[in-house]
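Be aware that the sequence shown starts at 11, since it is given in the numbering used here, and climbs by one per residue. Backbone N, C-alpha and C define an ideal beta-carbon position, used for all residues, glycine too.
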Amino acid sequence: MTIKKIEFKKLLFPETFESKYIPTLGLEVYPWNQYIIWDTAGQNNSLRDGYYINANLAIIIVNATSKKQC
């Protein structure tokens, strides 16, 4: 099964979906019931490690089709 971050976001938040692709820069926060969903940038220089402190769950979606991005 193939799923992209944007498809996962669209599944959870259909009202926030934009038809134009906009790559994540920095961090986007989406409150959802008792959860907060973070979409962090995938670059090596991002500060994503600091956002994982005290996290109870992580769903990680990667593009495994490109060696450059893995």
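About 7 Å separates the Cβ atoms of L37 and Y61, confirming a contact at the 8 Å cut-off. In the displayed model, L22 falls within a helix according to three-state DSSP. The beta carbons of F18 and I71 sit closer together than 8 Å.
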